[in-house]
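Trainee:
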Amino acid sequence: MHIGPTAATYAFYLPNPPLMPEDWHWEQDNAIAELIALNGNHWRKIFTIMAKICAPSEDWRDYRDNLLLKQQQMLLIGANALSPHANIHIVCGQAAAMALGIAVDSHIATDALQTTKQQLMQDSQAKLQDVTAMMLSQSPLSSCVLLTPYLDYRQYSNALIALTRNHLKAKQS
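Take a look at the structure:
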């Protein structure tokens, strides 16, 4: 399943689709709000983390509600190959990684207790893997492939979101 523009810069890979309202399309003004209303808090979290990663400013709420999946992002559910159009591929969790043929490192899914800010940053860095070199054989056009935890606050903390944003900015410059 593909949601969003085909030529988007960001491709997010997830294992399971949301429920879809009848006559729904990602270009609608209230597309994200409709999916959240139908699918609940779980998909609100997914879209919020996507917006926090992709928003050009700190106003991720407006970005999520009005711009997410409209121009710069696509959501690929159950994909078995990287999109040839995206420049940034964010593979979310073990199930999505396995579908794409990416070997999952055991520390990706860790949920260690974070007692200090330094420990939180170390744990977060361990959860973010740049697998671009490994994936070049599948899609030589790829500029960045990140293997990340599933888009859930328990696994994808704000510290990890900040690291992801910083990593992507460094790759794009």
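Heads up: the sequence shown begins at 1004 in the numbering used here, then just goes up one per residue. For every residue, glycine included, the Cβ atom is placed at its ideal position computed from N, Cα and C.
1) Over the uninterrupted alpha helix (DSSP H) stretch that includes I954, give me the two end residues.
2) Given this structure, state the Cα-to-Cα distance separating I1164 from N1083, to the nearest angstrom.
3) Between the Cα of F1197 and the Cα atoms of V1094, T1167 and P1152, which residue gives the shortest distance?
4) Is the CB-CB distance between L1154 and I1080 below 8 Å?
5) Leaving aside the five residues before and after Q1250 along the sequence, list all residues of the same chain whose C-beta is less than 8 Å from its C-beta, in chain order.
6) Nearest to H1170 by alpha carbon, out of A1010, I1056 and P1008?
7) Given that a residue counts as buried once 16 or more other Cβ atoms are within 10 Å of its Cβ, and exposed if not, what is G1104?
8) Work out the CA separation of C1147 and N1192 for me, nearest whole Å.
9) Any idea what DSSP makes of A1014, helix, strand or coil?
10) For P1087 and T1051, I'd like the C-alpha separation in whole angstroms.
11) I1006 and L1072 - do their beta-carbons sit closer together than 8 Å?
12) For the candidate residues Q1175, K1174, A1173 and N1161, whose alpha-carbon lies nearest to that of E1061?
13) Quickly, what does DSSP pair Q1076 with across the bridge? List them, please.
Mentor: Quick look at the numbers:
1) Here the chain has residues from 1004 to 1176 only, and residue 954 is not among them.
2) 25 Å
3) No information on residue 1197 is available, as it lies outside the stretch 1004 to 1176 that the chain covers here.
4) no
5) The chain is shown from 1004 up to 1176; residue 1250 falls before or after that span and cannot be answered.
6) I1056
7) Exposed, by the Cβ-count rule.
8) Here the chain comprises residues numbered 1004 to 1176, so residue 1192 is not present and cannot be evaluated.
9) strand
10) Going from the Cα of P1087 to the Cα of T1051 covers about 25 Å.
11) The answer is yes: Cβ separation under 8 Å.
12) Measuring from the Cα of E1061, the nearest candidate turns out to be N1161.
13) Y1013
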